[in-house]
Amino acid sequence: MLLGRSSLPALVLLLAVRWHAVTACPAHCLCFSATVRCMHLQLLRVPRVSAHSTVLDLRFNRIRNITPSSFRGLRQLTTLLLNNNEIKRVPWRTFQDLTRLRFLYLYKNDIHTIDRQAFYGLRSLEQLYLHFNHIEELEADAISNLPRLERLFLHNNHIKHIRPRALQKLDSLKRLRLDSNMLVCDCSLRWLPGMLIMLARHGGPQAAATCEQPPELYRKPIITVTADEFDCGEPTAELPRITTQPKDVDVSVGNTVYFTCRAEGNPKPEIVWLHNNNELDMSESRVNLLPDGTLMIRNARESDQGLYQCMARNLAGEVKTQHAILRPFSSPTKPSFTIQPQDTEVLSGQSVTLECSATGFPQPRIAWTRGNGSGLPADIRFSITPSGGLYIRNASRHDAGRYTCHASNNYDSVHVSATIIVQEPPIITLGPKDQITQEGQMVEFHCEASGAPSPIIAWTKAGGPLPKDRRHAVLPSGSLRIVRVGDLDAGSFECQAINVVGVLTASATLTVEQLGEAR
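Numbering (mature numbering (1 follows the signal peptide of the UniProt record, and there is no 0)), first residue to last: -24 to -1, 1 to 495.
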């Protein structure tokens, strides 16, 4: 019989000693390669782990406090599992060092408060799970500036109020869950339906949120609540305030340039750009105003040089930024990488991106090859992002391997490679079988497993460690051999196939008969 189960503390300790990481593995934890798993250990604080760790699994402990020092230096971390603990607060900039983190699990804690900029620095974060906590309010900048966040789960909390700018600059958001909360649809929430509608027009997100108060809006989907139903009265107009100024830029002719401008006010200011004191013609295809107010100019020309200025205006008036200078140059330059792909581990079935972009003049062309230089598979799961990255949807073990990004122009070409490792949970291909033997005989239980990385085989008896004697031995093949069988050897033996993704167990029973006993 096959069944999934978590490894026992004694077995975890044994394996942690056997497979020692680059730095010391935390006591009683299980460490494989760059993965650290410390589940069901009654931990009260975050343990120190190697700076090379990519997965840190701290589920099912008693951790109450997290701070920026808890995760300092873990710049390679891509997955952090903190669910099923006792965390009460997410402090300011707790995760600021985790610039490569993609998945953050904080559900089923005791979180009441999320500080401003709690998730600052998580520019690679794709999924954030905060459901089943006790959050009552989201302040401004609580969950903001997460450009790659696709999934945000906040359901089954006690949220009554979401302040303006609490959920801002979430440009990739596709799934938002706010259901099973206590949302008060008053004037402070008036901005939310507009945000959801605007995102829905761009293909996302899938949003679930309903009003709890006032009574006339009870259980009404927030996205359907009109501005009049919020009964806010006439808001006081507020003059725009510039919060981010554009900066001078030097750019090669043919490349893309960005000028950043941010402004706040009531109503929300409109952003207008000026070039040499004249309003910029936004009808030209090379020129785009991004949703956050950023000015993007593609294929920069000599004629684009000069002074650029951002103007923010609303009903209360207008304000202008300082001038920023654009200086184009057209000397041919060979390609050079601005972002290089990194070796990446991904679970089977998940999506993965190898980032790659380059600069030069003329603007380099980006192409990808696989293995020894062959082209990418003719598979719709493979695509090249606008910035030049390689995106693979629903990765499988067949996608593992070496990929090379090539950047070339008329002047030169360069390339850089990275490896994708696709991890799969263990599968027991040959499980142990029940056996009957007599005292004094030798018996072997066979166990073989596959997975990525290749699973390690470990044995337990009746859920505990094997007897510490020379009669019990685990062979290099993974089989368990017992010599000079005695009546105390009777019982259940479990084969555990273990890798960084999970643990799978198969069991068999040994029946020992006394010499001369009939079968």
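Ideal Cβ positions, reconstructed from N, Cα and C, are used throughout, including at glycine. Just so we're clear, the structure is a prediction, and the values are computed from it rather than from any experiment.
Which of helix, strand or coil DSSP assigns to residue i
i      : result
Ile119 : strand
Arg38  : coil
Ser468 : strand
Cys7   : strand
Glu321 : strand
Arg346 : strand
Gly170 : helix
Arg457 : strand
His137 : strand
Asp226 : strand
Asp33  : strand
Pro197 : strand
Phe235 : strand
Ala213 : coil
His16  : coil
Glu205 : helix
Cys163 : helix
Pro44  : helix
His374 : helix
Ser279 : helix
Glu113 : strand
Pro308 : coil
CA nearest to the CA of residue i, picked from the options
i      : options                           : result
Thr320 : Met158, Leu152 and Ala394         : Ala394
Leu256 : Gly241, Ala27, Pro267 and Asp280  : Asp280
Glu400 : Cys423, Ala371 and Glu424         : Ala371
Val25  : Gln18, Arg48, Ile397 and Met15    : Arg48
Pro304 : Gln298, Gly293, Gln316 and Gly282 : Gly282
Trp167 : Ile474, Gly478, Ala116 and Val295 : Ala116
Ala27  : Asn37, Leu149, His4 and Arg51     : Arg51
Gln318 : Leu271, Val328, Lys310 and Leu20  : Val328
Thr70  : Leu98, Phe79 and Thr54            : Leu98
Phe235 : Thr202, His299 and Thr200         : His299
Ile42  : Met15, Glu260, Gln72 and Ser29    : Gln72
Leu122 : Gly293, Pro402 and Ala142         : Ala142
Leu56  : Leu32, Ile458, Leu74 and Ala438   : Leu32
Thr54  : Pro44, Asn37 and Phe79            : Phe79
Glu470 : Arg38, Ala438 and Ala354          : Ala438
Thr361 : Gly325, Trp344 and Cys161         : Trp344
Exposure of residue i, with buried meaning 16 or more beta-carbon neighbours within 10 Å
i           : result
Ile87       : buried
Gly451      : The residue you asked about is not Gly; residue 451 is Leu in the sequence shown. Leu451 should be labelled exposed.
Tyr194      : exposed
Phe337      : buried
Glu102      : buried
Arg159      : For the record, residue 159 in the displayed sequence is Leu; it is not Arg. The residue is buried, with at least 16 neighbouring Cβ atoms inside 10 Å.
Gly241      : buried
Arg13       : buried
Gln189      : exposed
residue 496 : One cannot answer for residue 496 here, as it falls past the ends of the chain, which runs -24 to 495.
Gly427      : buried
Asp375      : buried
residue 504 : The chain is shown only over -24 to 495; residue 504 falls outside these bounds and no answer can be derived.
Gly349      : exposed
Thr380      : buried
Thr487      : exposed
Neighbourhood of residue i by C-beta distance below 8 Å, restricted to the same chain and skipping five residues each side
i      : result
Leu82  : Leu58, Asn59, Ile63, Val66, Leu104, Tyr105, Leu106 and Asn109
Ser453 : His422 and Glu424
Gly165 : According to the sequence as given, residue 165 is Leu; it is not Gly. Cβ within range, chain order: His137, Ile138, Leu159, Ile198 and Phe206.
Asp147 : Pro123, Pro267 and Asp268
Close beta carbons around residue i, own chain, < 7 Å, minus the five adjacent residues each side
i      : result
Pro245 : Pro216, Ala239, Ala288, Arg289 and Asn290
Gly347 : Gly377 and Arg378
Ile315 : Glu331, Cys332 and Ser333
Ile247 : Cys237, Ala239, Leu265, Gly269, Cys286 and Ala288
Lys84  : Asn59, Asn60 and Phe108
Arg262 : Ile273, Arg274 and Asn275
Gln417 : Val461
Pro222 : Phe235, Thr236, Cys237, Tyr284, Cys286, Thr297 and Ala300
Nearest-angstrom Cβ-Cβ length linking residue i and residue j, presumed shorter than 8 Å
i           : j      : result
Arg76       : Ser100 : 5 Å
Ala383      : Pro340 : 4 Å
residue 496 : Asn475 : Examination of residue 496 is not possible in this model, given that the chain is present from -24 through 495 alone.
Phe313      : Val390 : 7 Å
Thr335      : Asn231 : 6 Å
Val322      : Val398 : 6 Å
Contacting residues, own chain, Cβ-Cβ under 6 Å from residue i (five flanking each side not counted)
i      : result
Leu128 : Leu104 and Leu152
Gly364 : Cys332, Ser333 and Ile342
Pro197 : Thr186
Gly407 : Ala482
Lys296 : Gln285 and Met287
Arg369 : Ser327 and Arg357
Thr89  : Arg65
Asn157 : Asn133 and Ile135
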